[in-house]
Amino acid sequence: MFVRTTLLVLRKDFAIERRSLEIFVTTLFFAVACVLVFSFGLVKEGRAPTDVAAAILWIAIAFAGTLALGRTFERERYGETIRALLAAPAPRPALYVGKLLGVVFLLAVAEAILVPLIGVLFAAPFFAKPLAFVALLAAGTIGFATVGTLFAAMLMRTRSRDVLLPILLYPITIPVIICGVRGTAALLATPADEPMAIMWLGILVAMDTVFMTIALWTFETLMID
Amino acid sequence: MTASVDFDSVQILDVSRHFGRRRALSRISLTARAGEIVGLLGPNGAGKSTLLSILATLTTPSTGEVRYGDRRPRDLGASLRTCIGLLAHELFLYPELSARQNLAFFADLYGIDAGAAVPAALDRAGLGTRADDAVSEFSRGMRQRLALERALLHRPRLVLLDEPFTGLDDEAVHLVSARLRQLAADGAIVMVATHDLELAEGLATRVAFVRDGRLIADEPATPGLRARYRRAVGSA
Numbered sequence: 159m160f161v162r163t164t165l166l167v168l169r170k171d172f173a174i175e176r177r178s179l180e181i182f183v184t185t186l187f188f189a190v191a192c193v194l195v196f197s198f199g200l201v202k203e204g205r206a207p208t209d210v211a212a213a214i215l216w217i218a219i220a221f222a223g224t225l226a227l228g229r230t231f232e233r234e235r236y237g238e239t240i241r242a243l244l245a246a247p248a249p250r251p252a253l254y255v256g257k258l259l260g261v262v263f264l265l266a267v268a269e270a271i272l273v274p275l276i277g278v279l280f281a282a283p284f285f286a287k288p289l290a291f292v293a294l295l296a297a298g299t300i301g302f303a304t305v306g307t308l309f310a311a312m313l314m315r316t317r318s319r320d321v322l323l324p325i326l327l328y329p330i331t332i333p334v335i336i337c338g339v340r341g342t343a344a345l346l347a348t349p350a351d352e353p354m355a356i357m358w359l360g361i362l363v364a365m366d367t368v369f370m371t372i373a374l375w376t377f378e379t380l381m382i383d
Numbered sequence: 008m009t010a011s012v013d014f015d016s017v018q019i020l021d022v023s024r025h026f027g028r029r030r031a032l033s034r035i036s037l038t039a040r041a042g043e044i045v046g047l048l049g050p051n052g053a054g055k056s057t058l059l060s061i062l063a064t065l066t067t068p069s070t071g072e073v074r075y076g077d078r079r080p081r082d083l084g085a086s087l088r089t090c091i092g093l094l095a096h097e098l099f100l101y102p103e104l105s106a107r108q109n110l111a112f113f114a115d116l117y118g119i120d121a122g123a124a125v126p127a128a129l130d131r132a133g134l135g136t137r138a139d140d141a142v143s144e145f146s147r148g149m150r151q152r153l154a155l156e157r158a159l160l161h162r163p164r165l166v167l168l169d170e171p172f173t174g175l176d177d178e179a180v181h182l183v184s185a186r187l188r189q190l191a192a193d194g195a196i197v198m199v200a201t202h203d204l205e206l207a208e209g210l211a212t213r214v215a216f217v218r219d220g221r222l223i224a225d226e227p228a229t230p231g232l233r234a235r236y237r238r239a240v241g242s243a
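Residue numbers (the working numbering), protein chains in the order written: chain A, 159 to 383; chain B, 8 to 243.
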């Protein structure tokens with residue numbers, strides 16, 4: 159029942175996104191614009207400064223993710239469909255996981271475009287250690303989206319949600335972003351420092367576990383008035 | 008979660024609900040039984056929607072409790088919600104999706120056979136020929152009919168409707184009223200929050216007057232409802 163509900167919510171969100179492309183286009187446009195602005199500012203005479211690619215990647219993910227989170231729940235606020243989901247006999251935490259997977263998938267698509275773009279513009283060898291890099295990216299994205307999805311759901315009915323979401327989200331997710339940046343920078347170093355990257359990955363996985371446990375535990379209580 | 012749930016009455020026992028310092032409901036007690044259509048009547052802000060939200064398990068009472076049959080919501084868990092159908096003031100529909108996709112999604116969410124239930128619901132809503140159009144293209148009346156069918160898709164025992172006649176033309180009002188009478192005759196407990204006293208008089212078997220979060224009167228829906236409402240609530 160849990161998995162079925164999760165997949166139903168995910169499938170529904172994909173069906174809506176396929177019709178509107180609203181979140182995908184805005185998120186991607188924002189993320190690419192963010193990277194291009196950094197490249198115009200930092201790349202001089204065709205030479206990129208060293209060690210900035212990791213930070214730019216994670217800043218673009220965080221900003222694009224914040225935008226996607228707000229829009230994802232705006233969709234459930236319009237028509238109060240979130241109340242219809244909560245009124246269904248499905249496990250309420252499964253609704254959260256469905257929304258979370260939608261955000262993670264969207265960010266994964268954005269990352270699939272951002273990584274090669276940043277790689278080319280900043281001459282960053284992201285795939286020198288592909289497994290470790292993909293694991294870092296996945297763990298960081300899940301950590302950011304786990305907290306963000308919970309906060310976006312919580313703030314859905316508050317009037318100043320667009321302002322409050324980053325204010326609440328960033329203080330909690332900055333450790334995730336720092337781990338992502340440090341781990342990615344370790345992989346981009348010459349030579350790549352894989353043990354250091356794996357240490358940061360371990361911290362990210364631990365944070366993901368804590369965030370996910372808290373989110374699943376509190377979601378229903380937070381969503382019921 | 009898998010426990011079978013059914014009940015033939017809903018008891019609201021001394022229920023109060025506060026939002027911060029604002030009192031939305033104050034010590035409401037009311038019982039509705041299978042076969043009844045209870046009209047919840049009161050001015051804006053009286054607490055009708057909050058009461059429906061509590062009955063739908065979407066809001067928890069600050070004090071007091073609701074019993075479904077003789078059981079409390081926490082004893083029944085999520086399976087209680089298979090027996091509740093809610094149509095709120097907002098329509099609970101995804102405007103980007105078609106009527107068919109909306110109904111199929113909720114049918115799947117309630118674990119019922121969408122293949123059989125959805126075409127029947129579309130027919131009842133009079134939307135058979137517009138089934139694959141996006142809901143955003145529908146008029147308010149069409150959306151209202153679709154939202155009602157969404158709420159009734161799983162044949163709930165407890166039917167909670169907040170202003171179900173909004174945007175409906177006379178013919179649709181007649182059809183929806185007939186539908187609700189049939190549901191009650193089949194054993195559903197129907198609770199309708201409305202401002203429309205004429206419709207309530209023709210439809211409800213009992214009426215509860217609510218004002219400032221308090222239950223002012225609970226009586227049979229006999230003729231002369233408007234005068235009694237005016238005396239109890241203050242204006243009509």
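By construction, the Cβ of each residue, glycine as well, lies at the ideal position given by its N, Cα and C atoms.
Residues of the stretch 226-253 of chain A with a CB closer than 8 angstroms to any CB of chain B: list them in chain order, please. Arg-233, Tyr-236, Gly-237, Glu-238, Thr-239, Arg-241, Ala-242, Leu-243, Leu-244, Ala-245, Ala-246, Pro-247, Ala-248, Pro-249, Arg-250
Say whether chain C places a C-beta atom closer than 8 angstroms to the C-beta of Leu-258(A). Absent from the structure is chain C; the protein chains it does hold are A and B.
If we ignore side chains and look at the alpha-carbon of each, how far apart do Asp-140(B) and Ser-105(B) end up? Position 133 of the second sequence, counted from the start, is the residue given in the question as residue 140(B). Position 98 of the second sequence, counted from the start, is the residue given in the question as residue 105(B). Answer to the nearest angstrom: the Cα atoms are 5 angstroms apart.
Kindly indicate if chain A contains any beta-carbon less than 8 angstroms away from that of Ser-86(B). Against the second sequence, residue 86(B) aligns to sequence position 79. Closer than 8 angstroms to some Cβ of chain A, the Cβ of Ser-86(B) qualifies, so yes.
Ordered along the chain, which non-local residues of its own chain (more than five positions away) have a Cβ less than 8 angstroms from that of Leu-110(B)? Here residue 110(B) refers to the residue found at position 103 of the second sequence. Result list for Leu-110(B): Ala-121, Ala-124, Val-125, Ala-128, Leu-129, Leu-153, Glu-156, Arg-157, Leu-160, in chain order.
Does Leu-32(B) come out as helix, strand or coil in the three-state DSSP assignment? One-based indexing of the second sequence puts residue 32(B) at position 25. Here Leu-32(B) sits in strand by DSSP.
Helix, strand or coil at Ser-60(B) [DSSP, three-state]: Within the second sequence, numbered from 1, the residue matching residue 60(B) stands at position 53. If DSSP states are grouped into helix, strand and coil, Ser-60(B) belongs with the helices.
When the distance is taken between beta carbons, is Gln-151(B) closer than 8 angstroms to Leu-222(B)? If you number the second sequence from 1, residue 222(B) lands on position 215. If you number the second sequence from 1, residue 151(B) lands on position 144. No. Outside cutoff.
Quick check: what's the CA-CA separation for Ala-373(A) versus Gly-277(A)? As a working note, residue 373(A) is residue 215 in the first sequence. As a working note, residue 277(A) is residue 119 in the first sequence. Ala-373(A) and Gly-277(A): Cα-Cα distance of roughly 34 angstroms.
So if DSSP puts Arg-78(B) in a beta bridge, which residue, or which two residues, is it bridged to? Walking along the second sequence from the start, residue 78(B) turns up at place 71. Partner(s): Tyr-75(B).
Is there contact here, the stretch 295-306 of chain A with the stretch 320-337 of chain A, by at least three beta-carbon pairs under 8 angstroms? In the pairwise beta carbon analysis, the stretch 295-306 of chain A is classified as touching the stretch 320-337 of chain A: at least three pairs are separated by under 8 angstroms.
Test: Ser-318(A) CB closer than 8 angstroms to a CB of chain B: The count along the first sequence starts at 1 and reaches residue 318(A) at position 160. Chain B, which has no Cβ nearer than 8 angstroms to the Cβ of Ser-318(A), makes this no.
Write down the C-beta distance between Val-166(B) and Pro-102(B) rounded to the nearest angstrom, noting that I regard them as a contact closer than 8 angstroms. As a working mapping, residue 166(B) is identified with position 159 in the second sequence. As a working mapping, residue 102(B) is identified with position 95 in the second sequence. For a cut-off of 8 angstroms, the C-beta gap from Val-166(B) to Pro-102(B) is around 24 angstroms, too long to register as a contact.
Do you know whose CA, among Arg-30(B), Cys-90(B), Val-180(B), Gly-42(B), lies nearest Thr-57(B)'s CA? Within the second sequence, residue 57(B) is the residue found at index 50, counting from 1. It is Arg-30(B) whose Cα lies nearest to the Cα of Thr-57(B).
By the criterion of Cβ-Cβ separation under 8 angstroms, what are the contact partners of Thr-163(A) in chain B? Within the first sequence, residue 163(A) is the residue found at index 5, counting from 1. Simply Leu-116.
Could you tell me whether any Cβ in chain B is nearer than 8 angstroms to the Cβ of Ala-364(A)? Walking along the first sequence from the start, residue 364(A) turns up at place 206. Not closer than 8 angstroms to any Cβ of chain B, the Cβ of Ala-364(A) fails to qualify, so no.
Counting only Cβ-Cβ distances shorter than 7 angstroms, please list the residues of the stretch 164-177 of chain A near chain B, keeping chain order. Residues of the stretch 164-177 of chain A with a C-beta less than 7 angstroms from any C-beta of chain B: Leu-166, Lys-170, Ala-173, Ile-174, Arg-177, listed in chain order.
Mind listing the chain A neighbours of Tyr-101(B)? Cutoff is C-beta to C-beta under 8 angstroms, in chain order. Taking the first residue of the second sequence as position 1, residue 101(B) is located at position 94. What Tyr-101(B) touches in chain A: Lys-170, Ile-174, Arg-233, Gly-237, Thr-239.
Using a Cβ-Cβ distance cut-off of 8 angstroms, determine whether Ile-151(A) contacts chain B. Residue coverage of chain A in this structure runs from 159 to 383, which leaves residue 151(A) outside it and unanswerable.
Alpha carbon to alpha carbon, how far is Arg-162(A) from Leu-272(A)? Residue 162(A) sits at position 4 when you count from the first residue of the first sequence. Residue 272(A) sits at position 114 when you count from the first residue of the first sequence. C-alpha separation (whole angstroms): 32 angstroms.
Straight-line gap, Asp-171(A) to Phe-263(A) (C-alpha atoms, nearest Å): Here residue 171(A) refers to the residue found at position 13 when the first sequence is read from its first residue. Here residue 263(A) refers to the residue found at position 105 when the first sequence is read from its first residue. Approximately 11 angstroms, taken between the alpha carbons.
Report back the beta-carbon spacing between Met-198(B) and Val-45(B) to the nearest angstrom; my notes put them in contact at under 8 angstroms. As a first step, residue 198(B) is located in the second sequence; it is residue number 191 there, counting from the start. As a first step, residue 45(B) is located in the second sequence; it is residue number 38 there, counting from the start. That belief holds up - the Cβ atoms of Met-198(B) and Val-45(B) are roughly 5 angstroms apart, short of 8 angstroms.
Are Met-354(A) and Ala-344(A) touching if we call contact CB-CB under 8 angstroms? Within the first sequence, residue 354(A) is the residue found at index 196, counting from 1. Within the first sequence, residue 344(A) is the residue found at index 186, counting from 1. Result yes, Cβ atoms of Met-354(A) and Ala-344(A) sit closer than 8 angstroms.
Under the three-state DSSP convention, the category Ile-119(B) falls into: One-based indexing of the second sequence puts residue 119(B) at position 112. Of the three classes helix, strand and coil, the one that applies to Ile-119(B) here is coil, per DSSP.
Reducing DSSP to helix, strand and coil, say where Thr-9(B) ends up. Against the second sequence, residue 9(B) aligns to sequence position 2. Because the pLDDT at Thr-9(B) is just 42, under 50, the model does not fix this residue reliably, and the value given afterwards should be weighed accordingly. Coil, per DSSP.
Evaluate the contact criterion for the stretch 172-188 of chain A versus the stretch 222-233 of chain A: three or more CB pairs, one atom per stretch, below 8 angstroms. Taking one beta carbon from each stretch, the stretch 172-188 of chain A and the stretch 222-233 of chain A have 3 or more pairs nearer than 8 angstroms; the two touch.
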